[in-house]
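Asker: Listed in order, the protein sequences are those of chains A and B.
Each residue of the first sequence is one higher than the one before, starting from 477 at the first, in the numbering used here.
Each residue of the second sequence is one higher than the one before, starting from 4 at the first, in the numbering used here.
Ideal Cβ positions, reconstructed from N, Cα and C, are used throughout, including at glycine.
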Amino acid sequence: MTDTPADDKGAPAPSTYGEERRRAPEPEGEPRLRRAEDELRARFAEELQEGEETQDRVAASREAIVELEHVSLAFDRPILEDVSLVVRRGETVVIAGESGTGKSTTLKLILRLLRPDTGRVIVDGEVINDVTYEEALIIRQKMGMVFQGAALFDSMSVFENVAFPLREHTELTDDEIEARVREKLEFVDLEPDRVMDQLPAELSGGMKKRVGIARGMAVNPAIMLYDEPTSGLDPLTTGTITRLIMKLQRELKVTSVVVSHDIRSAFRMATKIALLADRHIVFFGSPEDMTASQDRYVQDFLGGV
Amino acid sequence: MLAVQEYFGLAAKAIRFIVARPFYIGDVIQQMDAIGVESLGIVLLTGFFTGMVLALQTSVQMAQFGATMYIGRLVTASMVRELGPVLAAILVAGRVGSGIAAQIGSMRVTEQIDALNTLGVDPIKKLVTPRLVAALVMMPVLTILSDTVGIGGGNVIATAYVGIPVGLYWRTVWEQIASGGFILHYIPSDFVQGLVKPFVFGGIIAITGCFFGINTKGGTEGVGNATTRTVVVASVLILVVDYFLTQVLLFLFG
């Protein structure tokens with residue numbers, strides 16, 4: 477199990493970044509690097525601050541809810557090698573990285589849609605490597621997944637989409653289901669009466685994402701997983717969806733794992749960021765640690781935004 | 004080889020789910036509508052013309068022996084035992100099998116199958132089993148209707164071209180049906196043979212469509228490939244299985 481320095485951070489984050497920098501040991505004679513770091517901090521100042529607020533609220537709980545232990549996976553070529561990751565209850569962990577580095581694969585491993593070749597995947601205290609297909613279906617009910625393209629069932633109305641997991645897994649009456657669907661649609665800022673009878677094809681990209689989130693959270697899962705929640709959206713909608721994910725974390729205390737290459741929104745919502753590169757996790761820690769990191773690749777990744 | 008194993012694995016799982024809760028009755032009815040009711044027009048039309056052409060051809064042949072009064076028997080034997088089931092099945096494979104593959108294939112490429120999985124629902128149970136049940140029920144129904152209309156089409160030609168009275172035509176039809184003997188005293192063995200086939204073909208169509216749909220890879224192009232393969236594989240399977248099934252049925256019922 478890998479514990480990262482960020483785990484010791486129970487105390488509120490330092491109010492100014494200057495203090496933290498003074499504490500951090502720095503190699504002599506690299507003014508160029510230091511300049512770059514300052515630039516990065518300035519650039520992400522707003523996002524970092526917003527992130528801090530969220531962190532404080534969830535700092536209380538520390539129990540691990542999703543763990544990857546030395547996970548390796550290969551298909552035709554190796555996808556992940558010796559990847560370890562701990563997500564604690566109430567945290568929002570963003571898995572970032574370039575395209576094709578196995579980010580979405582990580583989500584599929586957590587959902588047990590894929591099995592690791594070696595290593596263990598633990599969800600809510602249960603090792604899910606070797607569970608049967610039927611057991612996996614039950615474990616997945618603890619998790620709500622939001623797909624990149626929303627993956628709404630296009631033969632069903634918005635109402636039926638959100639009601640689907642409720643009909644499958646709960647004994648709720650029709651009235652209770654309708655109340656729950658309305659509640660979830662309102663939570664994602666959609667007007668239930670306007671959208672409920674529409675088909676997914678009639679919705680815009682941002683609305684589809686929101687219905688996808690509403691469907692994912694319908695059975696009140698403890699864990700929400702997001703696959704590129706903001707990709708393909710305009711900057712304004714990206715902001716809306718990011719705020720929505722933060723609202724979910726804040727008000728419902730759900731644990732979130734977000735796969736994203738959108739580093740800007742990652743900084744806003746993440747408790748921790750895991751950076752995947754070349755099949756490995758090259759960085760895992762808080763957004764502050766990330767901007768402070770001297771690692772060349774981390775710097776390049778942030779600089780490339 | 005692996006694909007064959009997967010194909011039968013899918014079939015076995017889909018069949019097992021027929022008797023397992025929850026039952027998606029709504030989905031089954033919807034599929035019955037899509038597979039059965041919406042195919043009715045095309046199946047009836049082709050059945051009718053097949054019956055007519057059978058009557059026309061046999062009338063020419065039979066005229067050489069002066070046996071044109073047996074047109075009814077020949078049309079009935081061909082329609083009920085062979086052409087009714089096979090033609091209806093091939094049409095439904097083209098119309099419905101491709102539709103199943105396209106629908107499930109697009110669900111695969113837009114991650115809707117993954118979504119079902121993550122929502123804790125087995126896609127085979129939710130998607131494949133209702134289509135299988137609907138096809139198993141509707142294919143025999145379609146075939147009976149196709150047979151009936153086909154024999155009726157034969158009647159039109161037999162009466163209009165050859166001048167066989169309607170009453171005589173239908174009496175020869177019944178003679179043919181009765182000639183195969185009865186099972187359990189009441190059910191003509193020809194009917195049994197004629198209904199075992201569409202039942203099996205219905206299963207082939209549904210499973211083939213679902214199999215290629217679920218295994219769709221590579222975006223919209225993959226969906227196109229899946230539909231094409233479904234029609235080709237299902238049609239070939241229907242014709243090959245028809246031969247072996249006929250052998251078995253002839254052995255059993257004569």
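To which residues does DSSP link Gly-556(A) through a beta bridge?
Answerer: Here residue 556(A) is taken as the residue at index 80 of the first sequence, counted from 1. Position check: residue 556(A) holds Leu in this sequence, whereas Gly was assumed. Leu-549(A), per the DSSP bridge assignment.
Asker: Let me make sure I understand the geometry here. Which of Asp-193(B), Phe-51(B) and Ile-28(B) has the alpha-carbon closest to that of Leu-253(B)?
Answerer: Here residue 253(B) corresponds to residue number 250 of the second sequence, with the count starting at 1. Here the closest residue by C-alpha is Asp-193(B).
Asker: Would Arg-533(A) count as contacting chain B if we go by Cβ distances under 8 Å?
Answerer: Translated into the one-based positions of the first sequence, residue 533(A) becomes position 57. Confidence at Arg-533(A) is low in this model, with a pLDDT of 46, below 50, so the placement of that residue is unreliable and no value is reported for it.
Asker: Measuring alpha carbon to alpha carbon, tell me which of Ala-768(A), Leu-724(A) and Thr-706(A) ends up nearest Pro-697(A).
Answerer: For the purposes of this step, residue 697(A) is identified with residue 221 of the first sequence, where counting begins at 1. Cα-wise, what sits closest to Pro-697(A) is Leu-724(A).
Asker: Give the DSSP-derived three-state secondary structure of Met-454(A) in the structure shown.
Answerer: Outside the displayed span of chain A (477 to 781) sits residue 454(A), for which this structure offers no information.
Asker: What residue range does the alpha helix (DSSP H) around Asp-150(B) cover?
Answerer: Numbered from its first residue, the second sequence carries residue 150(B) at position 147. Where Asp-150(B) is concerned, the enclosing alpha helix (DSSP H) stretches over 132 to 160.
Asker: Restricting to Cα atoms, I'd like to know which of Val-199(B), Thr-219(B) and Trp-173(B) is closest to Tyr-73(B).
Answerer: On the second sequence, residue 73(B) is found 70 positions in, with the first residue counted as 1. Comparing Cα positions, the closest option is Trp-173(B).
Asker: Given a cut-off of 8 Å, decide if Leu-628(A) and Val-687(A) are closer than it, judged by their beta-carbon atoms.
Answerer: Against the first sequence, residue 687(A) aligns to sequence position 211. Against the first sequence, residue 628(A) aligns to sequence position 152. Yes, these two residues count as a Cβ contact at 8 Å.
Asker: Spell out the partners DSSP gives Leu-561(A) in its beta bridges.
Answerer: Translated into the one-based positions of the first sequence, residue 561(A) becomes position 85. Leu-561(A) pairs with Leu-544(A).
Asker: Are Ala-750(A) and Val-569(A) closer than 8 Å when you measure CB to CB?
Answerer: In the first sequence, the residue the question calls residue 750(A) occupies position 274. In the first sequence, the residue the question calls residue 569(A) occupies position 93. Result yes, Cβ atoms of Ala-750(A) and Val-569(A) sit closer than 8 Å.
Asker: Tell me whether the segment 164 to 178 of chain B and the segment 84 to 92 of chain B touch, counting them as touching only if at least three CB pairs, one residue from each stretch, are closer than 8 Å.
Answerer: The segment 164 to 178 of chain B, when compared against the segment 84 to 92 of chain B, does not touch it at the 8 Å Cβ threshold.
Asker: Under a three-way DSSP split, which group does Leu-122(B) fall into?
Answerer: Here residue 122(B) corresponds to residue number 119 of the second sequence, with the count starting at 1. It is coil, neither helix nor strand.
Asker: Evaluate contact between the segment 771 to 778 of chain A and the segment 581 to 591 of chain A, counting only Cβ atoms and requiring at least three cross-stretch pairs below 8 Å.
Answerer: The segment 771 to 778 of chain A, when compared against the segment 581 to 591 of chain A, does not touch it at the 8 Å Cβ threshold.
Asker: Residues of the segment 118 to 150 of chain B in Cβ contact with chain A at a cutoff of 7 Å, in chain order, please.
Answerer: Those residues of the segment 118 to 150 of chain B that come within reach of chain A (Cβ to Cβ, closer than 7 Å) are Ala-118, Asn-120, Thr-121, Leu-122, Gly-123, Val-124 and Asp-125.
Asker: So, helix, strand or coil for Ser-732(A), using DSSP?
Answerer: As a position in the first sequence, residue 732(A) is number 256, starting the count at 1. Note: Ser-732(A) maps to strand in three-state DSSP.
Asker: Does DSSP put Gly-573(A) in a helix, a strand or coil?
Answerer: Residue mapping note: residue 573(A) aligns to position 97 of the first sequence, counting from 1. Of the three classes helix, strand and coil, the one that applies to Gly-573(A) here is strand, per DSSP.
Asker: Quick one: residues in its chain with C-beta nearer than 7 Å to the C-beta of Asn-605(A), no 5 flanking neighbours on either side, listed in chain order?
Answerer: If you number the first sequence from 1, residue 605(A) lands on position 129. Arg-591, Pro-592, Arg-596 and Val-597.
Asker: Count the other CB atoms within 10 Å of the CB of Met-4(B); is the residue buried (16 or more) or exposed (fewer)?
Answerer: Position 1 of the second sequence, counted from the start, is the residue given in the question as residue 4(B). Burial call: exposed.
Asker: Since I believe Val-638(A) is in contact with Ala-690(A) (beta carbons under 8 Å), could you give me their beta-carbon distance rounded to a whole number of angstroms?
Answerer: As a first step, residue 690(A) must be located in the first sequence, where it is residue number 214. As a first step, residue 638(A) must be located in the first sequence, where it is residue number 162. Going by Cβ atoms, the distance from Ala-690(A) to Val-638(A) rounds to 5 Å, so yes, they are a contact pair.
Asker: Can you give me the start and stop residues for the beta strand (DSSP E) that Ile-757(A) sits inside?
Answerer: As a first step, residue 757(A) must be located in the first sequence, where it is residue number 281. Here the beta strand (DSSP E) through Ile-757(A) covers 756 to 761.
Asker: Distance check for Val-195(B) and Ile-555(A), CA to CA, integer angstroms please.
Answerer: Counting from 1 along the first sequence, the entry for residue 555(A) is found at position 79. Counting from 1 along the second sequence, the entry for residue 195(B) is found at position 192. Straight-line Cα distance between these residues: approximately 55 Å.
Asker: Hey, is the segment 203 to 215 of chain B in contact with the segment 96 to 105 of chain B, meaning 3+ C-beta pairs nearer than 8 Å?
Answerer: Yes, the segment 203 to 215 of chain B touches the segment 96 to 105 of chain B.
Asker: Which residues, taken in chain order from the segment 644 to 659 of chain A, show a beta carbon closer than 7 Å to some beta carbon of chain B?
Answerer: For the segment 644 to 659 of chain A, which is checked against every Cβ of chain B, the residues closer than 7 Å are Glu-644 and His-645.
Asker: By Cβ distance, which residues of its chain are closer than 6 Å to Glu-543(A), with the 5 residues on each side in sequence left out?
Answerer: To locate residue 543(A), count along the first sequence from 1; it is residue 67. Within the same chain, Glu-543(A) has close Cβ partners Val-562 and Ile-598.
Asker: Where does the unbroken alpha helix (DSSP H) through Tyr-702(A) begin, and where does it stop?
Answerer: Against the first sequence, residue 702(A) aligns to sequence position 226. Per DSSP, Tyr-702(A) belongs to no alpha helix (DSSP H); it is in the beta strand (DSSP E), 699 to 703.
Asker: Can you tell me whether Val-622(A) is buried or exposed, with buried defined as 16 or more other CB within 10 angstroms of its CB?
Answerer: Indexing the first sequence from 1 puts residue 622(A) at position 146. Answer is buried; the Cβ neighbour count reaches 16.
Asker: Taking only the alpha-carbon atoms, compute the straight-line gap between Thr-767(A) and Asp-738(A) and give it to the nearest angstrom.
Answerer: The residue labelled residue 767(A) in the question sits at position 291 within the first sequence. The residue labelled residue 738(A) in the question sits at position 262 within the first sequence. Each residue's alpha carbon lies about 15 Å from the other.
Asker: According to DSSP, is Gly-184(B) part of a helix, a strand, or is it coil?
Answerer: Here residue 184(B) refers to the residue found at position 181 of the second sequence. Of the three classes helix, strand and coil, the one that applies to Gly-184(B) here is coil, per DSSP.
Asker: Quick one, which residues of the segment 610 to 621 of chain A are near chain B if we go by CB-CB under 9 Å, in chain order?
Answerer: Within the segment 610 to 621 of chain A, the qualifying residues are Glu-610, Ala-612, Leu-613, Ile-614, Ile-615, Arg-616, Gln-617, Met-619, Gly-620 and Met-621.
Asker: Can you list, in chain order, the residues of its chain whose CB lies under 6 Å from that of Asp-30(B), leaving out five sequence neighbours each side?
Answerer: For the purposes of this step, residue 30(B) is taken as residue 27 along the second sequence, with counting starting at 1. Within the same chain, Asp-30(B) has close Cβ partners Pro-133.
Asker: Using DSSP with H/G/I as helix, E/B as strand and the rest coil, what is Thr-455(A)?
Answerer: Residue numbering for chain A in the displayed model covers 477 to 781; residue 455(A) lies beyond these limits and cannot be assessed.
Asker: Kindly list, in the order they appear in chain A, the residues whose Cβ is closer than 7 Å to that of Glu-41(B).
Answerer: Numbered from its first residue, the second sequence carries residue 41(B) at position 38. Those do not exist, as Glu-41(B) stays about 15 Å from chain A at its closest Cβ, beyond 7 Å.
Asker: Suppose contacts are defined by Cβ-Cβ distances below 8 Å. Is Gly-54(B) in contact with Gly-153(B) by that definition?
Answerer: In the second sequence, the residue the question calls residue 54(B) occupies position 51. In the second sequence, the residue the question calls residue 153(B) occupies position 150. Result yes, Cβ atoms of Gly-54(B) and Gly-153(B) sit closer than 8 Å.
Asker: Just verifying my parser: in three-state terms, what is the DSSP assignment at Glu-647(A)?
Answerer: Taking the first sequence and counting its residues from 1, one reaches residue 647(A) at position 171. Coil at Glu-647(A), not helix or strand.
Asker: Whole angstroms is fine: what's the gap from Thr-79(B)'s alpha carbon to Gly-166(B)'s?
Answerer: By 1-based counting over the second sequence, the position of residue 79(B) is 76. By 1-based counting over the second sequence, the position of residue 166(B) is 163. So the two alpha carbons sit approximately 18 Å from each other.
Asker: Taking the straight line between their C-alpha atoms, what separation do you get for Thr-608(A) and Ile-615(A)?
Answerer: One-based indexing of the first sequence puts residue 608(A) at position 132. One-based indexing of the first sequence puts residue 615(A) at position 139. If you take the alpha carbons of Thr-608(A) and Ile-615(A), they lie about 10 Å apart.
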